[in-house]
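Chains A and B, in that order, give the protein sequences. Here the first sequence is numbered in the working numbering, starting from 1 and rising by one per residue. Here the second sequence is numbered in the working numbering, starting from 1 and rising by one per residue. Glycine included, each C-beta is placed from N, C-alpha and C at the ideal position. Predicted model, so just to flag it, every value in this text is computed and none were measured.
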Amino acid sequence: MIVLEKRPQPSKAWSYATPLVAVLATMVFGGILFAILGKNPIQAIGTIFWEPLFGEFAFYYRPQLLVKGAPLVLIAIGLSLGFRAGIWNIGAEGQYIMGAIFGAGAGLAFYPLDAFYVFPIMVIAGAFGGWLWAAIPAFLKVRFGTNEILVSLMLVYVAEQMLASVSLGLLKNPEGFGFPGSRNLQSYESAHNAELIAGSGMHWGVVTALIAVIFAYVLLNRHMLGFHIRLTGEAPRAAKFAGVNPARLILFCLGMSGALAGLAGMFEVAGPSGQVSIDFNVGYGFTAIIVAFLGRLHPVGILLAGGLMALTYIGGEIAQSQLGLPAAAIQVFQGMLLFFLLAFDLLTNYRIRAARNEVA
Amino acid sequence: MKFTSLLASAAMVLGLATGAVAQDKTKVGFVYVGPVGDGGWTYEHDKGRLAVEKEFGDKVETVFVESVPEGPDAERVMTQMALEGADLIFTTSFGYMDPTINVAKKFPNVKFEHATGYKTAPNVSVYSARFYEGRAVQGHIAGKMTESNIIGYIGSYPIPEVIRGINSAYIHAKKVNPDVEFKIIWAYTWFDPAKEADAATVLIEQGADVILQHTDSTAPQAAAQEAGNVITFGQASDMSEYAPKPRVSSIIDNWAPYYIARTQAVMDGSWETVNTWDGIKEGMVEIGEISDAVPADIKEEALAMKAAMAAGEYHPFTGPIKKQDGSDWLAEGETADDGTLAGMNFYVKGLEGEIPQ
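Put into structure tokens, the structure is as follows:
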């Protein structure tokens, strides 16, 4: 018989090893899946993980990793602050959308003015839009004790409707022949979140994501507020005695994650995407939840996890076109990653022991 | 990134773009918005791809990526195909328009074909089908068959292509049944079986006994089948697995001849930018078999209308037609010009509700 025994203390070693073991297990079981689909598993896994980094066209894919990874990291950093304190913002997708609408809206309001201050105003507007959308569940939780998981999630669908509405009305391109979608910000110099060095993939969103990682690290390790966040999550009673104000913490954590998600949306709409359109959001806000947990809610971990997720996306696309793998198989592969992470997480808090047969 | 490596990569891009033409095998890429198994829009495009493979055999290689979101992801997928030596790339959704133009700029020697858009370039053609001709036939059958006089319509996005379909179906339903009423639900998706099924169910609950759809999955067909006594039409693909009822007919997009012709043009070096908009006459739009659930006389009328359009004798938008607000659009006997149709952003008189703005 095998029994699970709770560890007196969570295992430090396992908490670091879990993500690696999860990635390995995903490779093994993903390989089996690909083999069942009639593809060479080693070639498929190789294509997904090797091709974007060191393949023939890595000069194009490496910058794309930054483009794909930056919004994930930026959103996940914000989410991790709340998750650490047991405050569950599930609606980052909605905050991402609102950030994009506010940011692009601010930029388009100035069109076609050519001025250096247009972009900074868009950045502020984007962060504000995301913050505002996250402040709703925060306020409702503080004031009426509503569940922030439900409220933030439901607001995603409201945000999607608003996105459709502005794409068809308020922000619609007046020169777009009646088709939905805003003007393309890529062709509006002052508002364009262009690559800082052409071909590098580095745009302001990538820079902001890196800054956010550093700030989150400092906040959590060197700042009283960070201590309160960790304390609230790990020992809520102790936090109370330590004088943590739960209402302020909720407002900060939700507001901060909303603002960062809003920034991610704004940088995306002004840069790689270029346009407010009905289909603008592609699930970064939800994928970031996986990234946050894959990175153990640690800023550096999130940075690595964001890179890994981006890798599976880009590698997955390459595998599709080169090997003819179906898109669904790639999605299953990504799902396995979270599944195995959660499964192996058990080992952080429990150990497996072979129990002797005892007489009941 | 250092400047030298930047130059090197730029040179590489150019080198590949030109080198690709020299290959003996023509490589054709397809970017799909849904899964190839959607049974509708993407499924038909993939049938076109398979037809290209069958036609040219060893002389072509085709690649595809499915379920590609419209935006930066699409741009990356197209770039990836171009880098890997594609000579011709079909991008098969409206939302791929700007990404297609962006990528086409970087690869001047690769030819691009964008479906249902309006932006062209020296190496970008656009193509679409006159689905509204098929909608006219559907409207006729729907208007004759409905008993509740309520016809449900699942719209995808309020873009001209979809609005054109609604108007065309409405005009022809109204012509044969003055009491007919359209209820329209906007799903804001091309492919989402759960949402599409919900929309169909809501419409049926509101009394609709005919469901028209401009979304890609077969979910509305299944919902109609479950409700019983509701008729539907296959969209983009024949969806004949739901025949003879609820599916009584269909609009089939037949892309194969176009894809074969364009691939041939690339092989011959005769490819030029074109703006193709073909209908029943050219065979790009087909009417799927009208099932026995439709009485013989109605079937005959529908086929006669199809024949008239194939012969170029009948245009679905023939005046007198007024706009929803009561203003005149087409005078007696006048037919709509392609420019107005391409950018259609108004309902015709009699339709209720507003186009979402």
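Buried or exposed (CB count within 10 angstroms, at least 16 for buried), residue i
i: residue 275 of chain A; result: buried
i: residue 295 of chain A; result: buried
i: residue 335 of chain B; result: exposed
i: residue 87 of chain A; result: buried
i: residue 21 of chain B; result: Because the pLDDT of residue 21 of chain B is 45, which lies under 50, any placement of that residue in the model is unreliable, and the question is left without a value.
i: residue 440 of chain A; result: What is shown of chain A runs 1 to 360, which leaves residue 440 of chain A out entirely.
i: residue 20 of chain A; result: exposed
i: residue 353 of chain B; result: exposed
i: residue 179 of chain A; result: buried
i: residue 366 of chain A; result: The structure shown does not extend to residue 366 of chain A, since chain A is modelled only from 1 to 360, so the question has no answer here.
i: residue 305 of chain B; result: buried
i: residue 213 of chain B; result: buried
i: residue 224 of chain B; result: buried
i: residue 7 of chain B; result: No answer about residue 7 of chain B holds up, because its pLDDT of 43 lies below 50 and its placement is not dependable.
i: residue 222 of chain A; result: exposed
i: residue 333 of chain B; result: exposed
i: residue 209 of chain B; result: buried
i: residue 54 of chain A; result: exposed
Nearest candidate by alpha-carbon position, reference residue i, set the options
i: residue 437 of chain B; options: A:233, A:156, A:265 and A:320; result: The displayed coordinates of chain B run from 1 to 357. Any statement about residue 437 of chain B would go beyond what the structure contains.
i: residue 64 of chain A; options: A:317, A:161 and A:234; result: A:317
i: residue 248 of chain A; options: A:228, A:241 and A:167; result: A:228
i: residue 282 of chain B; options: B:114, B:131, B:171 and B:340; result: B:131
i: residue 228 of chain B; options: B:146, B:246, B:144 and B:304; result: B:246
i: residue 22 of chain A; options: A:354, A:335, A:353 and A:350; result: A:335
i: residue 16 of chain A; options: A:120, A:348, A:199 and A:353; result: A:348
i: residue 322 of chain B; options: B:137, B:117, B:168 and B:138; result: B:168
i: residue 86 of chain B; options: B:73, B:108, B:233 and B:69; result: B:108
i: residue 52 of chain A; options: A:312, A:12, A:129 and A:146; result: A:312
i: residue 273 of chain A; options: A:118, A:183, A:41 and A:93; result: A:183
i: residue 191 of chain B; options: B:291, B:250 and B:69; result: B:69
i: residue 96 of chain B; options: B:50, B:81 and B:74; result: B:74
i: residue 283 of chain A; options: A:71, A:85 and A:127; result: A:71
i: residue 146 of chain B; options: B:298, B:104 and B:201; result: B:298
i: residue 124 of chain B; options: B:249, B:275, B:355 and B:173; result: B:275
i: residue 73 of chain A; options: A:300, A:127 and A:324; result: A:300
i: residue 181 of chain B; options: B:201, B:153 and B:158; result: B:153
Boundaries (first-last residue) of the beta strand (DSSP E) holding residue i
i: residue 362 of chain B; result: An answer regarding residue 362 of chain B cannot be provided, because it is not within the stretch 1 to 357 covered by chain B.
i: residue 27 of chain B; result: 26-31
i: residue 231 of chain B; result: 231-234
i: residue 182 of chain B; result: 181-186
i: residue 288 of chain B; result: 285-288
i: residue 221 of chain A; result: Per DSSP, residue 221 of chain A belongs to no beta strand (DSSP E); it is in the alpha helix (DSSP H), 204-222.
i: residue 350 of chain A; result: 350-354
i: residue 6 of chain A; result: 2-6
i: residue 276 of chain B; result: 275-278
i: residue 210 of chain B; result: 210-213
i: residue 328 of chain B; result: 328-330
Endpoints, alpha helix (DSSP H) assigned at residue i
i: residue 296 of chain B; result: 296-310
i: residue 321 of chain A; result: 299-323
i: residue 39 of chain A; result: No alpha helix (DSSP H) contains residue 39 of chain A, which DSSP labels as neither H nor E.
i: residue 58 of chain A; result: 58-84
i: residue 195 of chain B; result: 193-205
i: residue 257 of chain A; result: 246-270
i: residue 226 of chain B; result: 219-227
i: residue 285 of chain A; result: 284-294
i: residue 361 of chain A; result: Nothing about residue 361 of chain A can be reported from this structure: the residues present for chain A run from 1 to 360 only.
i: residue 340 of chain B; result: 338-342
i: residue 266 of chain B; result: 256-268
i: residue 237 of chain A; result: 236-241
Within the segment 45-94 of chain B, ranges of the alpha helix (DSSP H) (whole runs, at least 4 residues): Complete alpha helix (DSSP H) runs here, min 4: 72-83.
Interface positions of the segment 86-106 of chain B facing chain A (Cβ-Cβ less than 7 Å), listed along the chain: 95 and 98
Entirely enclosed alpha helix (DSSP H) segments - the segment 93-147 of chain A, minimum 4 residues: Secondary structure in the segment 93-147 of chain A: the alpha helix (DSSP H) runs of 4 residues or longer, each lying completely within the stretch, are 118-144 in chain order.
Contacting positions in the segment 51-83 of chain B - beta carbon closer than 9 Å to chain A: Legend: CB atoms of the segment 51-83 of chain B lying less than 9 Å from CB atoms of chain A belong to residues 63, 64, 65, 66, 67, 68, 69, 70, 71, 72, 73, 75, 76, 77, 79, 80, 81 and 83.
3-residue-minimum beta strand (DSSP E) runs that sit fully inside the segment 104-181 of chain B, ordered along the chain: 111-115, 124-129 and 150-155
Contact residues within the segment 296-328 of chain A, judged by C-beta distance below 9 Å to chain B: 313, 314, 317, 318, 320, 321, 322, 324, 326, 327 and 328
Interface residues of the segment 156-168 of chain B facing chain A [CB-CB below 8 Å]: 157, 158, 159 and 160
Chain B contacts made by the segment 105-138 of chain A, where a contact means CB separation under 8 Å: Per Cβ criterion, the list is empty.
Residues in the segment 262-278 of chain A having any Cβ partner in chain B nearer than 7 Å: 272, 273, 274, 275, 277 and 278
Short-range partners of chain A found in the segment 183-196 of chain B, where Cβ spacing is below 7 Å: Within the segment 183-196 of chain B, the qualifying residues are 188.
Proximal residues, the segment 35-46 of chain B versus chain A, C-beta separation under 9 Å: Under the 9 Å Cβ criterion, the segment 35-46 of chain B contributes 35, 36 and 37.
Chain-ordered residues of the segment 31-61 of chain A with a beta carbon less than 9 Å from chain B: Within the segment 31-61 of chain A, the qualifying residues are 56, 57, 59, 60 and 61.
Positions along the segment 143-164 of chain A whose CB lies within less than 7 Å of some CB in chain B: 164
Whole alpha helix (DSSP H) elements within the segment 8-48 of chain A, 4-residue minimum: Fully enclosed alpha helix (DSSP H) runs of 4 or longer: 12-36.
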